[in-house]
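Chemist:
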Amino acid sequence: MSRLAATFAKLSAEGRAGLVTYVMAGDPDAATAQAIVDGLPAAGADVIELGLPFSDPMADGPAIQAAGLRALAQGASTRGTLDILRAFRAKDRTTPVVLMGYFNPIYIYGPERFCKDAAAAGADGLIVVDLPPEEDSELRPYAKAAGLDLVRLATPTTDDKRLPVVLEGASGFLYYVAVLGVTGTKSAAAGDVQAAVARIKRHTKLPVAVGFGIKTPDGAAAIAKHADAAVVGSALVQTVADAIAAKSDPVAPLHALVRALSAAVRGARAKSSAA
Amino acid sequence: MTALNSFRAGPDERGHFGIFGGRYVAETLMPLILDVERAYEAAKKDPAFQAELDRYLKDYVGRPSPLWFAERLTAELGGAKVYFKRDELNHTGSHKINNTMGQILLAKRMGKTRIIAETGAGQHGVATATVCALFGLKCVVYMGATDIERQAPNVFRMKMLGAEVRPVTSGTGTLKDALNDALRDWVANVEDTFYIIGTVAGPHPYPAMVRDFQSVIGREARAQMLEAEGRLPDLLVACIGGGSNAMGLFHPFLDDREVAMDAVEAAGLGLGTGKHAASLQGGKPGVLHGNRTYLLMDDDGQIQEAHSISAGLDYPGIGPEHAWLHEIKRVNYVAATDEDAIEGFKLCARTEGILPALEPAHALAHVARIAPKMSKDKIVVMNLCGRGDKDIFALAERLGVKL
Chain R
1 MSRLAATFAK LSAEGRAGLV TYVMAGDPDA ATAQAIVDGL PAAGADVIEL GLPFSDPMAD
61 GPAIQAAGLR ALAQGASTRG TLDILRAFRA KDRTTPVVLM GYFNPIYIYG PERFCKDAAA
121 AGADGLIVVD LPPEEDSELR PYAKAAGLDL VRLATPTTDD KRLPVVLEGA SGFLYYVAVL
181 GVTGTKSAAA GDVQAAVARI KRHTKLPVAV GFGIKTPDGA AAIAKHADAA VVGSALVQTV
241 ADAIAAKSDP VAPLHALVRA LSAAVRGARA KSSAA
Chain G
276 MTALNSFRAG PDERGHFGIF GGRYVAETLM PLILDVERAY EAAKKDPAFQ AELDRYLKDY
336 VGRPSPLWFA ERLTAELGGA KVYFKRDELN HTGSHKINNT MGQILLAKRM GKTRIIAETG
396 AGQHGVATAT VCALFGLKCV VYMGATDIER QAPNVFRMKM LGAEVRPVTS GTGTLKDALN
456 DALRDWVANV EDTFYIIGTV AGPHPYPAMV RDFQSVIGRE ARAQMLEAEG RLPDLLVACI
516 GGGSNAMGLF HPFLDDREVA MDAVEAAGLG LGTGKHAASL QGGKPGVLHG NRTYLLMDDD
576 GQIQEAHSIS AGLDYPGIGP EHAWLHEIKR VNYVAATDED AIEGFKLCAR TEGILPALEP
636 AHALAHVARI APKMSKDKIV VMNLCGRGDK DIFALAERLG VKL
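Protein chains in written order, with the numbering used here: chain R, 1 to 275; chain G, 276 to 678.
Put into structure tokens, the structure is as follows:
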């Protein structure tokens, strides 16, 4: 069983949702990013999304774009991202890591070589934001051959007619983008998310992780009542920006936020059944 | 001629020109892009849509634009006869309005009430703000903070036309970042908003749609040339950033094998300096802004900043159909530097009494290079795609003149 499948099976057995944490590889620098990633599982992350820095992240908001540019300014690269992953995997054999980014750096690296190298470094899946199912034929076979799950995105605009197109060939989990917008801006209403998850579940057995716009432990808990996992990214990345602005170390505050989010996600369903 | 050996048959149903083009967008946009494609396909087949567009192009834009025999320039260069396709005479001063008029009619047809656009030199922004004022639609234009500074007259124009100009400070604060922010806006406002892309780039169907709307330039030029000279020209010349004016002139001639085509990229400080905007001559294939095309980037696939004296050519990519025409060698891609363009500007002003925009000044630089090497019975048509009023401040500063 893949790490992602094993993790979601375990979450299901425990009767709780998971916490998916997104951080940008190489932000604010390689060593600090390594410390951030290495400490995520102990802080309560069930799945790690590791951002591949890109100069032009069109689907991301200001927080994640700034994080990518900070990382690139310190020499981050696709290769450097795999180095961080490899070092993490040497210490942690169980926490799934999904690489998330845009197609151009992967295309330039070479899709086949990228999938092989990513799998060898310990990746479990890929999310390529600007590669819809219609265009992913030059990545999909190599991801499959390397044993990497291809995680697809569904959004409020993905209607019942289009959902099967998105789900065809998707694996690992489905990432539901809860709002119309870029990362880290608007927040979704819990009721909308509940209905959307139910709709998606009618089409697939894949776990559904919900993200975009989840900023606080309360927000994560509201999502965790209905989804298989809550994804938090911009809020974590923002703690790095805030620490830099305050000339302090970002590792501890970022992990503190993950602990708070994790506690909220773990308690979400218990609280709702008690209430 | 069958479609199989035609250069004009593309793109395929998924928007590919060879390996270029396509639809590389986030899932939120995918259903919208498919909507735009369906609506455009239906409009294209609707004679009423075409008739309405023709009426606006004739009575509002002022088409057809003249084909002018540049007699003094021809005499000075001493070679081929040089004609200008005078799209700088269009309302708003450039070819951009050919496309914005087409797209706004489509937006109206789709029931959209809010228009967004990106702009570099501001010509597309002005052309978009203009048609929005004409049809009473809300207009938001994204423009890089750097470009806002060097194109102040156009910023003022857009504001007077009722558009909101949003400065883009993310990334490098230039045209590519304005495109990013426009795409972000669209993702967040999918219900009521139509994105009028200004060049032959972006996700399918934009490259084909913008080309179709701009092809009025080449269709007119073809008929006007046949009337003036009784034959087709030997060479077409146009400047190229994203490539919409070049594609508009070239496309109707692509299957006329006897017509050669030179597209002039902006070489900035020089192709060897790394400070240029020549994606085809200095870049490699990659994926950005919804399509696969030639891009300026580093070894890690990070997009690099383009450089040109002309804000309208200052983009690190190029339309996917140009990438394809480059690879199959149907169009010859050359370059002109900032300095060349300034000389082209002066030459045109002095010999023809026309202040060209700095964008077509690059094309003029190439004409000045190549026409003298051609015999006097040869004919060159150059797209004079914009007027230079917007550039006088930047140019004066460059030439050390205080206005």
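For every residue, glycine included, the Cβ atom is placed at its ideal position computed from N, Cα and C.
1) Measure the alpha-carbon distance for Glu-363 (chain G) versus Cys-660 (chain G) and round it to whole angstroms.
2) Can you round the beta-carbon distance between Ser-234 (chain R) and Gly-184 (chain R) to whole angstroms, since I take them to be within the 8 Å contact cut?
3) Using alpha carbons as the reference points, say which of R:Asp-46, R:Tyr-107, R:Lys-144, R:Thr-78 lies closest to Ala-209 (chain R).
4) Taking Cβ-Cβ distances shorter than 7 Å, what residues in chain R pair up with Arg-459 (chain G)?
5) Given Pro-96 (chain R), which residues of its chain have a CB within under 6 Å of its CB, disregarding the five upstream and five downstream residues?
6) Using DSSP bridges, identify the partner residues of Asp-149 (chain R).
7) Would Glu-302 (chain G) count as contacting chain R if we go by Cβ distances under 8 Å?
8) Within this structure, are the beta carbons of Arg-269 (chain R) and Arg-16 (chain R) separated by less than 8 Å?
9) With 16 other CB atoms within 10 Å as the buried threshold, where does Val-676 (chain G) fall?
10) So if I threshold CB-CB distances at 9 Å, which residues from the segment 89-113 of chain R count as touching chain G?
11) If you draw a straight line from the alpha carbon of Ala-241 (chain R) to that of Gly-26 (chain R), how long is it in whole angstroms?
12) Which two residues bound the contiguous alpha helix (DSSP H) that contains Gly-518 (chain G)?
13) Is DSSP giving Leu-99 (chain R) helix, strand or coil here?
14) Are the beta-carbon atoms belonging to Met-376 (chain G) and Tyr-331 (chain G) less than 8 Å from one another?
15) When DSSP labels each residue in this structure, what does Ile-379 (chain G) get in the three-state scheme?
16) Once you ignore the five residues that flank Met-276 (chain G) on each side, which residues in its own chain have a CB closer than 8 Å to its CB?
17) Could you spell out the range, first to last residue, of the alpha helix (DSSP H) harbouring Pro-482 (chain G)?
18) Say whether the segment 555-567 of chain G touches the segment 626-635 of chain G, bearing in mind that this needs 3 or more beta-carbon pairs closer than 8 Å, one atom from each stretch.
19) Go ahead and pull the three-state DSSP assignment for Tyr-142 (chain R).
20) Name the residue from G:Leu-380, G:Arg-459, G:Phe-282 whose alpha carbon lies nearest to the alpha carbon of Ala-318 (chain G).
21) Can you check the segment 148-220 of chain R for any beta strand (DSSP E) of at least 3 residues that lies completely inside it and give the ranges in chain order?
22) Which residues share a DSSP beta bridge with His-291 (chain G)?
23) What does Ala-463 (chain G) touch in chain R if you count any residue whose Cβ is under 9 Å from its own?
24) Can you tell me whether Ala-500 (chain G) is helix, strand or coil according to DSSP?
25) Helix, strand or coil: which one does DSSP assign to Val-231 (chain R)?
26) If contact means a Cβ-Cβ distance below 7 Å, which residues of the segment 126-143 of chain R contact chain G?
27) Got a sec: is the Cβ-Cβ distance from Gln-238 (chain R) to anything in chain G below 8 Å?
28) What's the call for Asn-280 (chain G), buried or exposed, on a 16-neighbour Cβ count within 10 Å?
29) If we require 3 or more residues per run, which beta strand (DSSP E) segments fall completely within the segment 33-113 of chain R?
30) Where Asp-149 (chain R) and Lys-205 (chain R) are concerned, what is the direct C-alpha to C-alpha distance, given to the nearest angstrom?
31) Under DSSP, the beta strand (DSSP E) around Arg-389 (chain G) begins and ends at which residues?
32) Taking all protein chains shown into account, decide if Ala-275 (chain R) is buried (16 or more other Cβ within 10 angstroms of its Cβ) or exposed.
33) Starting from Thr-612 (chain G), follow its DSSP beta bridges and name the residues at the other end.
34) Within 10 angstroms of the Cβ of Arg-70 (chain R), are there 16 or more other Cβ atoms? Answer buried if so, exposed if not.
35) Counting only beta-carbon atoms, is Gly-368 (chain G) nearer than 8 Å to chain R?
36) Using a Cβ distance threshold of 8 Å, determine whether the segment 537-544 of chain G contacts the segment 588-608 of chain G, with at least three qualifying pairs required.
Modeler: In this structure, then:
1) In the second sequence, counting from the first residue as 1, residue 363 (chain G) sits at position 88. In the second sequence, counting from the first residue as 1, residue 660 (chain G) sits at position 385. Using only the alpha carbons, I get a separation of about 5 Å.
2) On the first sequence, residue 234 (chain R) is found 234 positions in, with the first residue counted as 1. On the first sequence, residue 184 (chain R) is found 184 positions in, with the first residue counted as 1. About 3 Å separates the two Cβ atoms, so the contact holds.
3) As a position in the first sequence, residue 209 (chain R) is number 209, starting the count at 1. It is R:Asp-46.
4) To locate residue 459 (chain G), count along the second sequence from 1; it is residue 184. Result: Met-58, Val-182.
5) Translated into the one-based positions of the first sequence, residue 96 (chain R) becomes position 96. Closer than 6 Å at the Cβ level, and outside the excluded window around Pro-96 (chain R), lie Arg-3, Leu-4, Thr-7, Val-47, Asp-124.
6) Sequence index remark: in the first sequence, residue 149 (chain R) carries index 149 (1-based). According to DSSP, which records beta bridges pairwise, Asp-149 (chain R) is partnered with R:Gly-125.
7) The sequence position of residue 302 (chain G) within the second sequence is 27, counting from 1. Closer than 8 Å: yes.
8) Taking the first residue of the first sequence as position 1, residue 269 (chain R) is located at position 269. Taking the first residue of the first sequence as position 1, residue 16 (chain R) is located at position 16. Yes; because the gap between Cβ atoms is below 8 Å, this pair is in contact.
9) In the second sequence, the residue the question calls residue 676 (chain G) occupies position 401. Under this definition Val-676 (chain G) is an exposed residue.
10) Tyr-102, Phe-103, Asn-104, Pro-105, Ile-106, Tyr-107, Ile-108, Tyr-109
11) Taking the first residue of the first sequence as position 1, residue 241 (chain R) is located at position 241. Taking the first residue of the first sequence as position 1, residue 26 (chain R) is located at position 26. Answer to the nearest angstrom: the Cα atoms are 13 Å apart.
12) In the second sequence, the residue the question calls residue 518 (chain G) occupies position 243. Where Gly-518 (chain G) is concerned, there is no enclosing alpha helix (DSSP H), given that its DSSP letter is neither H nor E.
13) The count along the first sequence starts at 1 and reaches residue 99 (chain R) at position 99. Strand at Leu-99 (chain R).
14) As a position in the second sequence, residue 376 (chain G) is number 101, starting the count at 1. As a position in the second sequence, residue 331 (chain G) is number 56, starting the count at 1. Yes. Within cutoff.
15) Working through the second sequence from its first residue, we reach residue 379 (chain G) at position 104. Looking at Ile-379 (chain G) - three-state DSSP - the assignment turns out to be helix.
16) For the purposes of this step, residue 276 (chain G) is taken as residue 1 along the second sequence, with counting starting at 1. Unreliable positioning characterises Met-276 (chain G) in this predicted model, as indicated by a pLDDT of 40, which lies under 50. The coordinate reading is nonetheless provided below. Closer than 8 Å at the Cβ level, and outside the excluded window around Met-276 (chain G), lie Asp-530.
17) Against the second sequence, residue 482 (chain G) aligns to sequence position 207. Taken as a continuous stretch (DSSP letters only), the alpha helix (DSSP H) holding Pro-482 (chain G) covers 481-489.
18) no
19) By one-based count along the first sequence, residue 142 (chain R) stands at place 142. Reduced to three states, the DSSP call for Tyr-142 (chain R) is helix.
20) What you label residue 318 (chain G) is simply residue 43 of the second sequence in a count that begins at 1. When each option's Cα is compared against that of Ala-318 (chain G), the closest is G:Leu-380.
21) 152-154, 174-177, 208-211
22) For the purposes of this step, residue 291 (chain G) is taken as the residue at position 16 of the second sequence. In the DSSP output, where bridge partners are listed per residue, His-291 (chain G) has G:Gly-296.
23) Locating residue 463 (chain G) in the second sequence gives position 188, where the first residue counts as 1. Chain R residues near Ala-463 (chain G): Val-179, Leu-180, Gly-181, Val-182, Thr-185, Lys-186.
24) As a first step, residue 500 (chain G) must be located in the second sequence, where it is residue number 225. It should be pointed out that residue 500 (chain G) corresponds to Met in this sequence rather than to Ala. In the structure shown, Met-500 (chain G) sits in a helix (DSSP, three-state: H, G or I).
25) Mapped onto the first sequence, residue 231 (chain R) falls at position 231. Looking at Val-231 (chain R) - three-state DSSP - the assignment turns out to be strand.
26) Val-129, Asp-130, Leu-131, Pro-132, Glu-134, Glu-135
27) Here residue 238 (chain R) is taken as the residue at index 238 of the first sequence, counted from 1. No, Gln-238 (chain R) does not count as interfacial toward chain G.
28) Here residue 280 (chain G) refers to the residue found at position 5 when the second sequence is read from its first residue. Its Cβ having fewer than 16 others within 10 Å, Asn-280 (chain G) is exposed.
29) 47-51, 97-101
30) By 1-based counting over the first sequence, the position of residue 149 (chain R) is 149. By 1-based counting over the first sequence, the position of residue 205 (chain R) is 205. Distance between the alpha carbons of Asp-149 (chain R) and Lys-205 (chain R) is about 15 Å.
31) As a working note, residue 389 (chain G) is residue 114 in the second sequence. 389-394 is the extent of the beta strand (DSSP E) around Arg-389 (chain G).
32) As a first step, residue 275 (chain R) must be located in the first sequence, where it is residue number 275. Its pLDDT being 43, under 50, Ala-275 (chain R) is placed unreliably in this model, and the value from its coordinates should be taken loosely. Counting Cβ neighbours within 10 Å, Ala-275 (chain R) comes out exposed, since fewer than 16 surround it.
33) Here residue 612 (chain G) corresponds to residue number 337 of the second sequence, with the count starting at 1. Bridge partners of Thr-612 (chain G): G:Gly-543.
34) As a working mapping, residue 70 (chain R) is identified with position 70 in the first sequence. Classification of Arg-70 (chain R): buried, given that the 10 Å Cβ count is 16 or more.
35) Looking up residue 368 (chain G) in the second sequence gives position 93. With 8 Å as the cut-off, Gly-368 (chain G) does not count as an interface residue toward chain R.
36) yes
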